[in-house]
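A short worksheet on the structure shown next.
Residue numbers (our numbering), protein chains in the order written: chain A, 7 to 424; chain B, 7 to 424.
Here's what the structure looks like:
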């Protein structure tokens with residue numbers, strides 16, 4: 007890397023981090039979640055407006071992927087598997103309905119507008135996967151991640167991700183030749199679930215060994231860096247095993263939650279998250295090309311029409327899915343709205359549609375519009391439905407402060423008095 | 007970045023971080039500083055042995071530079087400017103002698119072996135600049151950064167860096183045509199010192215504003231990220247102003263030390279440092295090509311002879327400089343040894359020598375040998391001269407635990423009891 011390049015990326019990091027912080031603080035000030043500000047700043051910095059952040063840049067991509075890996079790792083660290091299994095039936099019902107409804111509606115709308123079968127399948131598929139990152143971040147900002155609704159959404163979004171990987175493999179198969187294969191579908195699903203299961207089983211036996219090892223090493227920062235090594239390593243392994251990076255990162259979080267050092271790890275990882283995660287959200291925003299939505303441009307109108315219809319069915323489909331588990335006694339509106347954002351997952355589908363030649367550029371933009379609106383609409387709606395829990399947020403605490411135990415609270419109090 | 011590339015870099019980060027941790031822990035176990043293990047692991051992973059880490063890779067370079075920026079920022083955060091100015095005369099004497107002696111000796115030896123004037127000037131110049139990173143890390147690991155000797159070394163190394171920049175500009179000028187220019191030399195020096203002075207003056211007025219702003223924003227992690235933004239921004243600005251990245255990062259640390267939130271910032275930045283700084287040391291090690299030092303290869307023997315002589319004069323030159331401030335009553339052996347490591351700065355000189363066509367590949371390797379040996383010899387020697395101060399190192403604390411105040415110590419005690 008020559009010196010000029012290096013300076014470019016340093017200034018890019020400064021702009022992305024500063025933009026994310028300013029956007030987040032401004033949106034928070036007008037009562038909206040910070041993540042919405044980070045996404046909007048991404049749109050402004052992105053290719054279609056200022057052009058400072060190229061979403062397909064090598065280094066932006068690497069930082070973005072490190073961001074989503076650390077985010078899912080943090081979510082894993084915060085996820086109480088027992089609680090998640092308690093809401094397992096509800097989550098599964100929400101996830102399955104939340105895949106079926108939007109797929110059927112998206113396929114129908116696209117077909118009705120005269121598009122081909124394969125285009126309609128890709129569009130339907132792009133409507134299926136919930137972006138766990140956005141909702142989890144909003145719930146976390148509101149202090150609601152541990153509520154039953156939060157756990158249902160988290161569980162459903164994770165099941166969704168797995169189903170999303172299966173659908174992606176299936177439609178890629180349809181588009182690239184061999185056609186639909188129930189075997190491939192079953193295999194992809196099996197790998198994702200199998201990876202989580204094997205990781206947790208092997209981990210139950212490995213974690214005590216890691217804890218012993220950690221107790222012997224006195225180098226500062228060792229627990230945090232060991233945790234990051236395991237998160238990156240499992241993300242890599244999950245991908246190599248035929249699943250997704252985020253599945254591995256999430257599994258690493260679930261696993262390391264069992265370590266006696268997990269509070270130290272949460273604090274250290276939170277600092278890394280404060281650096282990498284906003285870069286992820288800015289990069290997601292930067293991928294959106296707003297020029298495809300100019301209503302004054304006649305060429306943009308079919309895109310706007312299809313995009314508008316996709317937005318409507320995307321919201322209705324996921325919202326309705328929230329009401330499918332009729333036996334769940336929590337707030338079904340929160341669950342329905344929490345499932346709405348598509349984020350990066352929808353964009354990955356749209357990108358694959360382009361890669362396989364199924365999508366034209368306007369089709370891509372229509373899906374991007376759906377992704378953007380569903381992503382942008384969910385945080386303020388969630389915020390309306392849920393008041394933040396009254397708690398004092400300290401500047402040094404990240405989302406980890408949702409899981410502090412009574413001992414730690416006592417020590418924090420002692421610190422305050424000292 | 008395609009998916010294959012992404013997976014490659016994820017696995018590379020895992021290998022570098024895990025290697026650094028394993029190397030650090032092993033060397034610490036046999037009573038050596040951890041940083042030596044990180045460097046050795048870098049040599050093993052580097053181009054000349056395993057070939058896994060390419061020191062000139064775009065992304066490795068960016069992470070490495072982020073590592074050295076965060077390292078110098080942390081050192082700035084820990085540097086008490088008042089203390090540094092108290093030892094200023096001693097530091098300046100050590101720095102000036104530590105530039106003059108090695109330059110004269112290196113020039114003489116190279117000339118005596120029949121090399122040209124310009125080659126000898128570059129070689130002499132490569133012997134001048136102390137690598138503050140290695141020594142500061144060792145002193146910090148030993149809990150001795152706040153000792154008078156530690157402050158003298160730190161101050162001298164910083165003055166050294168500034169003088170190094172001037173010499174680099176001057177020899178580059180000699181090599182590229184216009185020849186030696188006292189004006190250019192004065193200008194380069196003026197910019198580096200001027201940058202530090204202006205930053206501190208403007209900062210004294212800006213820091214209270216930043217503190218007020220921070221008090222208003224309740225987003226978690228804001229102080230740490232704002233600090234990182236300022237560190238990266240000042241590094242960029244220093245470079246654009248004609249000085250060096252590390253000068254800007256160090257200035258940012260000096261500045262933000264004045265913030266009331268500086269303890270939170272130190273903790274957050276330490277976590278980022280645990281991630282980025284070992285990557286820097288592994289990458290420094292990876293740049294060394296050990297094949298040029300094979301004594302069985304006749305072609306390597308002149309390189310070994312010159313390299314060996316350079317090692318001797320590099321050590322004698324800096325060691326002698328430690329005794330120049332005769333009025334200093336601290337341990338002059340510690341100061342002399344602390345100035346010995348050249349690290350990345352020497353390699354930058356060697357790289358520039360190659361760039362300007364003054365150096366052949368064997369010349370480069372001879373300078374690399376000097377850099378490697380001086381870097382590797384200083385930590386164990388320092389460790390012999392200084393026993394570590396008795397203190398309990400907690401895993402979550404980084405080098406920031408050298409500056410904890412009595413209030414924080416009380417709260418740590420309270421935490422232990424809770």
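Ideal Cβ positions, reconstructed from N, Cα and C, are used throughout, including at glycine.
Just the C-alpha distance for residue 208 of chain B and residue 134 of chain A, rounded to the nearest angstrom, thanks. Rounded to the nearest whole angstrom, the C-alpha separation of residue 208 of chain B and residue 134 of chain A is 53 Å.
When you compare only the Cα positions, how much space is there between residue 67 of chain B and residue 61 of chain B? Their backbone Cα atoms lie some 7 Å apart in a straight line.
At least one CB of chain A closer than 8 Å to the CB of residue 354 of chain B: is that the case? No, residue 354 of chain B lies away from the interface with chain A (no Cβ there is under 8 Å from its Cβ).
Taking 8 Å as the CB-CB limit, is residue 34 of chain B close to chain A? True, the Cβ-Cβ gap to chain A drops below 8 Å.
Our contact map puts residue 197 of chain A next to residue 132 of chain A with C-beta atoms below 8 Å; I'd like the distance itself, whole angstroms only. Residue 197 of chain A to residue 132 of chain A, Cβ: 22 Å. No contact.
Taking only beta-carbon positions, decide if residue 403 of chain A is within less than 8 Å of chain B. With a pLDDT of 37 at residue 403 of chain A, under the threshold of 50, the modelled position of that residue is not reliable, and the figure given next carries that caveat. Residue 403 of chain A counts as touching chain B.
Which bits of chain B does residue 245 of chain A rub up against, with CB to CB less than 7 Å? Within chain B, the residues 13 have their CB atoms less than 7 Å from the CB of residue 245 of chain A, given in chain order.
May I ask you to report which of helix, strand or coil DSSP gives residue 331 of chain B? Three-state DSSP puts residue 331 of chain B in coil, outside helix and strand.
When you compare only the Cα positions, how much space is there between residue 160 of chain B and residue 265 of chain A? Distance from the CA atom of residue 160 of chain B to the CA atom of residue 265 of chain A, rounded to whole angstroms, is 38 Å.
Could you list the residues in the region 62 to 92 of chain A with a C-beta less than 7 Å from some C-beta on chain B, going in chain order? From the region 62 to 92 of chain A, only 64, 65, 67, 68, 71 have a Cβ closer than 7 Å to chain B.
So is residue 52 of chain A in contact with chain B if we call contact Cβ pairs under 8 Å? Contact with chain B is absent for residue 52 of chain A, since none of that chain's Cβ atoms lies less than 8 Å from the residue's Cβ.
When you compare only the Cα positions, how much space is there between residue 381 of chain A and residue 167 of chain B? The straight-line gap separating the alpha-carbon atoms of residue 381 of chain A and residue 167 of chain B is approximately 49 Å.
Taking residue 258 of chain A as the reference, which of A:149, A:201, A:311 has the closest Cα? Here the closest residue by C-alpha is A:201.
Quick one: is residue 58 of chain A near chain B, going by C-beta distance under 8 Å? Interface with chain B (8 Å Cβ-Cβ cutoff): residue 58 of chain A is excluded.
Rounded Cβ spacing between residue 373 of chain A and residue 317 of chain A (contact assumed at less than 8 Å): Rounded, the Cβ-Cβ distance is 10 Å, inconsistent with contact.
Closest to residue 298 of chain A by CA distance: which of A:239, A:375, A:8 is it? Proximity to residue 298 of chain A across A:239, A:375, A:8 peaks at A:375, based on C-alpha coordinates.
Does chain A have any CB closer than 8 Å to the CB of residue 20 of chain B? Yes, contact with chain A.
Other residues of its chain near residue 337 of chain B: CB distance less than 6 Å, five sequence neighbours each side excluded: Taken in chain order, the residues that qualify are 155.
Counting pairs of Cβ atoms below 8 Å between the region 66 to 80 of chain A and the region 298 to 307 of chain A, do you hit three or more? The region 66 to 80 of chain A and the region 298 to 307 of chain A do not touch, with fewer than 3 CB-CB distances between them shorter than 8 Å.
Quick one: grab the DSSP three-state call for residue 203 of chain A. Looking at residue 203 of chain A - three-state DSSP - the assignment turns out to be helix.
Comparing the C-beta of residue 333 of chain A with each C-beta of chain B, is any distance below 8 Å? So, not an interface residue.
On the premise that residue 139 of chain B lies in contact with residue 240 of chain B, defined as a C-beta separation below 8 Å, what is that separation, rounded to the nearest angstrom? Taking 8 Å as the upper bound for CB-CB distance, residue 240 of chain B and residue 139 of chain B are not in contact here, some 18 Å apart.
Going by CA-CA distance only, name the one from A:386, A:356, A:331, A:17 that's closest to residue 174 of chain A. Comparing Cα-Cα distances from residue 174 of chain A to each of A:386, A:356, A:331, A:17, the minimum goes to A:356.
Pick helix, strand or coil for residue 10 of chain B, following the three-state DSSP scheme. Helix.
Buried or exposed, going by whether 16 or more other CB atoms sit within 10 Å of the CB of residue 256 of chain B? In this structure residue 256 of chain B is buried. Its beta-carbon is surrounded by 16 or more other beta-carbon atoms within 10 angstroms.
Go through its chain and collect everything with a Cβ distance to residue 398 of chain A's Cβ below 7 Å, but skip five positions before and after it. Confidence is the limiting factor: at residue 398 of chain A the pLDDT is only 39, short of 50, which leaves the residue's position unreliable, though a coordinate-based value still follows. So the list is empty, once near-sequence residues are dropped.
Output needed in chain order: residues of the region 144 to 160 of chain A with a Cβ under 7 Å from some Cβ in chain B. Result list empty, no residue passes.
Contact set for residue 224 of chain B: own chain, Cβ-Cβ below 8 Å, skip 5 residues either direction: When the five nearest sequence neighbours on each side are left out, no beta carbon in the same chain lies closer than 8 Å to the beta carbon of residue 224 of chain B.
Once the 5 residues before and after residue 9 of chain A are set aside, which same chain residues still bring their CB inside 7 Å of it? Closer than 7 Å at the Cβ level, and outside the excluded window around residue 9 of chain A, lies no residue.
Supposed contact pair residue 327 of chain B and residue 103 of chain B - C-beta distance, whole angstroms, cut 8 Å: About 4 Å; that satisfies the 8 Å criterion.
Who are the Cβ neighbours of residue 268 of chain B in its own chain at under 7 Å, not counting the five residues just before and after it? Excluding sequence positions up to five before and after residue 268 of chain B, its CB lies within less than 7 Å of the CB of 83, 262, all in the same chain and listed in chain order.
CA-CA distance, residue 249 of chain B and residue 127 of chain B? Rounded to the nearest angstrom, the gap between the Cα atoms of residue 249 of chain B and residue 127 of chain B is 22 Å.
Chain-ordered neighbours of residue 330 of chain A on chain B, where CB pairs are closer than 8 Å: Here the premise fails: no neighbours, minimum Cβ distance about 34 Å.
Are residue 59 of chain B and residue 48 of chain B touching if we call contact CB-CB under 8 Å? Yes.
Any chance you could list the alpha helix (DSSP H) runs of at least 4 consecutive residues sitting entirely within the region 299 to 387 of chain B, in chain order? Taking only runs of at least 4 residues, the alpha helix (DSSP H) segments lying wholly in the region 299 to 387 of chain B are 307 to 327, 338 to 344, 349 to 361.
For residue 280 of chain B, does the three-state DSSP call read helix, strand or coil? If DSSP states are grouped into helix, strand and coil, residue 280 of chain B belongs with the helices.
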